[in-house]
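>
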Amino acid sequence: AQSVTQLGSHVSVSEGALVLLRCNYSSSVPPYLFWYVQYPNQGLQLLLKYTSAATLVKGINGFEAEFKKSETSFHLTKPSAHMSDAAEYFCAVSDNFGNEKLTFGTGTRLTIIP
Amino acid sequence: GAVVSQHPSWVICKSGTSVKIECRSLDFQATTMFWYRQFPKQSLMLMATSNEGSKATYEQGVEKDKFLINHASLTLSTLTVTSAHPEDSSFYICSARGPGLAGGDTQYFGPGTRLTVL
Numbered sequence: 175a176q177s178v179t180q181l182g183s184h185v186s187v188s189e190g191a192l193v194l195l196r197c198n199y200s201s202s203v204p205p206y207l208f209w210y211v212q213y214p215n216q217g218l219q220l221l222l223k224y225t226s227a228a229t230l231v232k233g234i235n236g237f238e239a240e241f242k243k244s245e246t247s248f249h250l251t252k253p254s255a256h257m258s259d260a261a262e263y264f265c266a267v268s269d270n271f272g273n274e275k276l277t278f279g280t281g282t283r284l285t286i287i288p
Numbered sequence: 199g200a201v202v203s204q205h206p207s208w209v210i211c212k213s214g215t216s217v218k219i220e221c222r223s224l225d226f227q228a229t230t231m232f233w234y235r236q237f238p239k240q241s242l243m244l245m246a247t248s249n250e251g252s253k254a255t256y257e258q259g260v261e262k263d264k265f266l267i268n269h270a271s272l273t274l275s276t277l278t279v280t281s282a283h284p285e286d287s288s289f290y291i292c293s294a295r296g297p298g299l300a301g302g303d304t305q306y307f308g309p310g311t312r313l314t315v316l
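One line per chain: the protein sequences are U and V, in this order. First residue of the first sequence? That's 175 in the numbering used here, and the numbers climb one at a time after it. First residue of the second sequence? That's 199 in the numbering used here, and the numbers climb one at a time after it.
(1) What does a CB cutoff of less than 7 Å around residue 307 (chain V) pick up in its chain, not counting 5 residues either side in sequence?
(2) Just the C-alpha distance for residue 207 (chain U) and residue 268 (chain U), rounded to the nearest angstrom, thanks.
(3) Quick one: what does DSSP say residue 238 (chain U) is sitting in, helix, strand or coil?
(4) Taking 7 Å as the cut-off, decide whether the C-beta atoms of residue 287 (chain U) and residue 188 (chain U) are in contact.
(5) In the DSSP assignment, what residue or residues form a beta bridge with residue 198 (chain U)?
(6) Check whether the region 227-242 of chain V and the region 221-234 of chain U touch, using three or more Cβ-Cβ pairs below 8 Å as the test.
(7) Skipping 5 residues on each side, what residues in its chain have a beta carbon closer than 6 Å to that of residue 255 (chain U)?
(8) Note down, in chain order, every chain V residue with its Cβ under 9 Å from the Cβ of residue 264 (chain U).
(9) Inspect the beta-carbon positions of residue 250 (chain V) and residue 272 (chain V) and report whether they are closer than 7 Å.
(10) Do you know how far the Cα of residue 276 (chain U) is from the Cα of residue 210 (chain U)?
(11) Can a CB atom of chain V be found closer than 7 Å to the CB of residue 218 (chain U)?
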């Protein structure tokens, strides 16, 4: 069985500050990990995904995440927050490269303070 | 590329009626589509996996007779909520498995359909 834990249901950062959204996973097999962003009343957009190649994954909109097996973590970061980053962020895990079902975390709502 | 659409984007219906939601992959073929349900301020819960030309696979606790899924073509899957009740009100999101940006497959999500049952 797989699971994802997102620490912090709400995160607020000032515009221009570092964004750090935490995700820890549990998996009995090598995981495939994803970060998605959801804007109000919209579906999910893929930010980035871990493919078991490079541990530091760069995504869209300046986001990146680092896979740390020893810590079972896949935290999402962005050096400088922008107002347009305000949204809900979901971490997800699957046991195959998108072929199998995704298990989502409970989400983190990111608020940007002007 | 890799766009998934849903129709309608929102629907309001009376209790006891049935509602059909369409999920289309616009620029790629998808042998596999997924249906999720999202309650307010909660995460997505997978309801079922829809495979073109075969019966859908439902997750534990999801009533297959209530949530009918049909995947009749490589670009269209439909979810029909039969005899809808207020507790079925939710945000329904589909995804389609398509070509990944860096090899492999990726799930592409539709914009969602908000169902309100009165």
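Beta carbons: idealized from backbone N, C-alpha and C, even for Gly. None of the values given here were measured: they were computed from a predicted structure.
Inspection of the coordinates gives the following:
(1) Within the second sequence, residue 307 (chain V) is the residue found at index 109, counting from 1. 202, 291, 293.
(2) In the first sequence, the residue the question calls residue 207 (chain U) occupies position 33. In the first sequence, the residue the question calls residue 268 (chain U) occupies position 94. So the two alpha carbons sit approximately 7 Å from each other.
(3) Translated into positions along the first sequence, residue 238 (chain U) becomes position 64. If DSSP states are grouped into helix, strand and coil, residue 238 (chain U) belongs with the strands.
(4) For the purposes of this step, residue 287 (chain U) is taken as the residue at position 113 of the first sequence. For the purposes of this step, residue 188 (chain U) is taken as the residue at position 14 of the first sequence. Going by C-beta atoms, residue 287 (chain U) is nearer than 7 Å to residue 188 (chain U).
(5) Numbered from 1 along the first sequence, position 24 holds the residue referred to as residue 198 (chain U). Residue 198 (chain U) pairs with U:179, U:247.
(6) no
(7) Working through the first sequence from its first residue, we reach residue 255 (chain U) at position 81. Result list for residue 255 (chain U): 187, 189, 191, 193, 286, in chain order.
(8) Here residue 264 (chain U) is taken as the residue at index 90 of the first sequence, counted from 1. The contacting residues are 241, 242.
(9) The residue labelled residue 250 (chain V) in the question sits at position 52 within the second sequence. The residue labelled residue 272 (chain V) in the question sits at position 74 within the second sequence. Against a cut-off of 7 Å, the Cβ pair of residue 272 (chain V) and residue 250 (chain V) comes out as a contact.
(10) As a first step, residue 210 (chain U) is located in the first sequence; it is residue number 36 there, counting from the start. As a first step, residue 276 (chain U) is located in the first sequence; it is residue number 102 there, counting from the start. The alpha-carbon atoms of residue 210 (chain U) and residue 276 (chain U) are separated by roughly 11 Å.
(11) For the purposes of this step, residue 218 (chain U) is taken as the residue at position 44 of the first sequence. Interface residue, yes.
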